[in-house]
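For the record, the sequence lines run as chains Y and C. Its first residue numbered 1, the first sequence is counted upward by one per residue in the working numbering. Its first residue numbered 1001, the second sequence is counted upward by one per residue in the working numbering. Glycine included, C-beta positions come from ideal geometry on N, C-alpha and C. For reference, the structure discussed in these notes is given below.
2 protein chains.
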Amino acid sequence: MVTAPHLLQYEKALINELHIKPDVIKRAKTILSGIDSGSTGAYTHSQGLQSIRQNVVEFIKKRDQDTDPEFTTQHIFLTNGASPGVQMGLRAMIRGPQDGIMIPIPQYPLYSASIQMTGGTQVPYLLDEETGWSLSVEELERQYSAATKNGTNVRALVIINPGNPTGQVLPKDNMKGIVDFCHRRKIVLLADEVYQENVYTEKPFHSFHSIVKEMGLSESFEMISYHSTSKGFLGECGRRGGYFQFSKAIDPDVQDEMYKTASVNLCPNVDGQVMVDLMVNPPREGDDSYAQYKQERDDILSSLKRRAVNLVKKLNSLEGVSCQQAEGAMYAFPSITIPDKAVKEAQTLGVAPDMLYVLQLLEQTGICVVPGSGFGQKDGTYHFRTTFLPPDDKIDAVCERLEKFHNDFMTKYK
Amino acid sequence: MVTAPHLLQYEKALINELHIKPDVIKRAKTILSGIDSGSTGAYTHSQGLQSIRQNVVEFIKKRDQDTDPEFTTQHIFLTNGASPGVQMGLRAMIRGPQDGIMIPIPQYPLYSASIQMTGGTQVPYLLDEETGWSLSVEELERQYSAATKNGTNVRALVIINPGNPTGQVLPKDNMKGIVDFCHRRKIVLLADEVYQENVYTEKPFHSFHSIVKEMGLSESFEMISYHSTSKGFLGECGRRGGYFQFSKAIDPDVQDEMYKTASVNLCPNVDGQVMVDLMVNPPREGDDSYAQYKQERDDILSSLKRRAVNLVKKLNSLEGVSCQQAEGAMYAFPSITIPDKAVKEAQTLGVAPDMLYVLQLLEQTGICVVPGSGFGQKDGTYHFRTTFLPPDDKIDAVCERLEKFHNDFMTKYK
């Protein structure tokens, strides 16, 4: 690339005066050189820039030790965050109320909302709180059979791993059982893996792509996997960067239709695309920025882990509260005992009992958590979802305020 | 705002070494001070940042000399470009195939595609090429009555002004007739005004918002208007910035539902939101950047105008080609005579005759235009859409290649 003299001067000032590291400038140039227009202000390919999709492919291949030359950039769609990609996937699969999508309970309500907007049918399956929100294939079979008996054509299974709001990280054997279930039942797996970097136990994250490969099913297994720049240690959610990956067994005609659908919105925002590039292709050892990158990444992740442990410990110390370990993601999802008197008051007010709890919490402490009823929960149980995102120096105070509120609430409705 | 010492040093370097104008830095600070998180990396309100929506409201009020205190930021939704906003509007209005949306023919295919994806019915009305692609209320009445007779419940009328692909700018009287039609028929007006800055004749652009106000219908007229950062003289299409405006007569319950729908995607990308801010609140006289801004804006718009005139002139000089003046937008949409022999060849190949023409044009010259059949056209007529976006120093060569191709094509199929 030829650089004009005034640009060289500009670069020098960036490095000397603004202390921008040289590899950052090099990276910016590399990204721009992958854009035909040479600018982040122009439309791109509707699936996103080829150069960035190439880096996504390499990221996945490296993560999953995959060397399949047939897995290429045509299988990657960059998106404005994971959510629009999920909606595209659901829209492609739902033709009407006869089509069912299996979703976990509790689940991040993107799925229930999108299924409803698209006119399909929810086929809920329960996660088992007592065993750390584990996912049993027997439960999948049970709900699948019940839905099929009712005339629902089950088209897809949604798995969120690590879980939102539940935080569980799926073990390998369990994932194999899930893949086997989808394969036997000929349903598409929608693998929401946006929290793949947020793991706080010794249990490692495995992508479903790697499991499918290990099982030798790459040629026949239909799956869409999702990732995002909004989570992990980046947390760049306002950029709306994300991607989804088609497994190569998905019919090229389906991919063509998805491309056509994507083209209605022209392209994902380019700054978000660039953010995806930074996520999948971070500074490497030897790069000027590597030390700083590593430090920030490790600090954020170890702080999240520390906060996860402390928050769950605090929650478990409260009367009538029980909280599973947050193995991953960014949330604790405690079960709370709500006294009968409070349940009755909620009924009188026409709100869910856990909504009564969280509204009073908000009013009295300013702490905002989401009631379990927003995610779905086993009948007769109550929960709320709280994040452990407040910084280290604030989370203790948050826990204290929560504790005081909780004790007052339990006394009030005793 | 207190600024840390190292930030002051940073600012100084930006001004002295990188020649960033001081008002640019001030603007960046103002934008950041309107964001609770202080960062463009975090989620915002699902309708977009309050501070930027406030600037959109002020932009519209200034443009339309509107002082209505009841028109507020609650009526503005920032979006990832205009397209997702259009789809949200259509989705809100279409319940099933019984619901019809009136769309111009020819039209930018966002509308036909979105209506089809949403399961509604297109109710096309023809623009009249001979009178400069004018829009007659009689034609609207005719198509409305025919659709209603067929059992279609017409819910909305789409107007693209300035037109895409046709480039016409609607005169005020015509707009009043359209508003009156929608008001009498109780249908929602979807006003696509993304080309409002791209006007090349003495006929000024009027927003439908201003017309409705002038007609005294603000309290009762239901309308959604669209704008975007992708057009005008900015052309920052890769940012995916845009907004839509609800007229205040739209039921607050509908607005609440739209807000809920928007929240499924969390928020529009923040860099795109910032781009909207720059569009609606450009540098003003007295600002350090004003002279440069004005110069660039005027250069771009006068160059577009010059190219529009030259391109249309060139097209009209070709055998069997007739092109209306491009009053606005970014396109010429000439009618082309396709010889019978070429029409027969197209039929044999199973493609539209104008598709045969544009494919040969692409193959032989590298010039890419869009066949009229992609936009819809009166039966038996053929068109293509071409932009006048190639820069001044290239457009003459483009015209020459087009002319040579066209003459060869006409000779070949004579």
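Contact residues of the region 17–43 of chain Y toward chain C are E17, L18, H19, I35, S37, S39, T40, G41, A42, Y43 (C-beta to C-beta distance below 9 Å).
For Y:D192, the uninterrupted beta strand (DSSP E) run begins and ends at 188–192, by DSSP. Take the alpha-carbon of C:V1309 and the one of C:P1334: they are about 13 Å apart. Below the 7 Å Cβ cutoff, chain C contributes N1265 as neighbours of Y:P84, in chain order.
A direct Cα-Cα distance of roughly 54 Å separates C:P1390 from Y:R184. Residue-level contact by beta carbon fails for Y:D299 and chain C, as no gap is shorter than 7 Å.
For Y:D99, there is no enclosing alpha helix (DSSP H); the residue is part of the beta strand (DSSP E) that begins and ends at 99–105.
Between C:L1140 and C:Y1125, the gap from beta carbon to beta carbon is short of 7 Å. Taking 7 Å as the cut-off, the Cβ atoms of Y:F388 and Y:G372 do not count as close. In this structure, Y:V212 keeps its C-beta atom at 7 Å or more from the C-beta atom of Y:S220. Exposure of Y:S302 is indicated by the presence of fewer than 16 other C-beta atoms within 10 angstroms of its C-beta. If you keep only unbroken alpha helix (DSSP H) runs of at least 4 residues inside the region 228–303 of chain Y, you get 252–264, 270–280. The continuous stretches of alpha helix (DSSP H) do not include Y:Y125, which lies in the beta strand (DSSP E) extending over residues 121–126. As the crow flies, the alpha-carbon of C:T1365 is around 23 Å from that of C:L1304. Residues of the same chain with their beta carbon placed closer than 8 Å to that of Y:N150 are lacking, with the five preceding and five following residues left out of the count. Secondary structure at Y:Y357: helix, using DSSP grouped into helix, strand and coil.
Note on Y:A82: 16 or more other CB atoms within 10 angstroms of its CB, so buried under the neighbour-count rule. Annotation: the region 321–389 of chain Y contains the following complete segments of the alpha helix (DSSP H) (minimum length 4 residues), in chain order: 340–349, 353–365. Contacts with chain Y (Cβ-Cβ distance below 9 Å) from the region 1241–1272 of chain C involve G1241, K1260, T1261, S1263, V1264, N1265, L1266, C1267, P1268, N1269, V1270, D1271, G1272, listed in chain order. Taking a beta-carbon distance threshold of 7 Å, C:G1374 does not count as an interface residue toward chain Y.
Across the set Y:M355, Y:D354, Y:Q54, the C-alpha of Y:Q54 shows the shortest separation from the C-alpha of Y:P69. What Y:Y10 touches in chain C, judged by beta-carbon distance under 7 Å, is L1018, going in chain order.
If you check the CB distance, C:Q1168 and C:W1133 come in under 7 Å. Residues P1104, Q1107, Y1108, D1192 of the same chain have their beta carbon placed closer than 7 Å to that of C:I1160, with the five preceding and five following residues left out of the count. Taking 9 Å as the Cβ-Cβ cut-off, the region 1097–1129 of chain C approaches chain Y at P1109, L1110, A1113, S1114, M1117, G1119, given in chain order. With a threshold of 7 Å between beta carbons, Y:C237 makes contact with chain C. Under the three-state reduction of DSSP output, C:Y1195 falls in the coil class, being neither helix nor strand.
Contact between Y:S230 and Y:C237 holds: CB atoms are separated by about 4 Å, below the 8 Å threshold.
For the region 194–210 of chain Y, the set of positions with a beta-carbon nearer than 8 Å to some beta-carbon of chain C is empty. At a cut-off of 7 Å between beta carbons, Y:A13 contacts chain C. For the pair of segments examined, the region 1009–1017 of chain C was found not to touch the region 326–342 of chain Y: the number of CB pairs separated by less than 8 Å stays below three.
Non-local C-beta neighbours of C:T1381 in its own chain, meaning closer than 8 Å and more than five positions away in sequence, comprise E1129, S1335, G1372, ordered along the chain. At a beta-carbon threshold of 9 Å, none of the residues of chain Y lie near C:N1164; the nearest stands roughly 13 Å away. Assignment of C:V1056 by DSSP, reduced to helix, strand and coil, places it in the helix class. Take Y:G96, set aside five residues on each side of it, and the residues of its chain with a beta-carbon closer than 8 Å to its own are G119, G120, in chain order.
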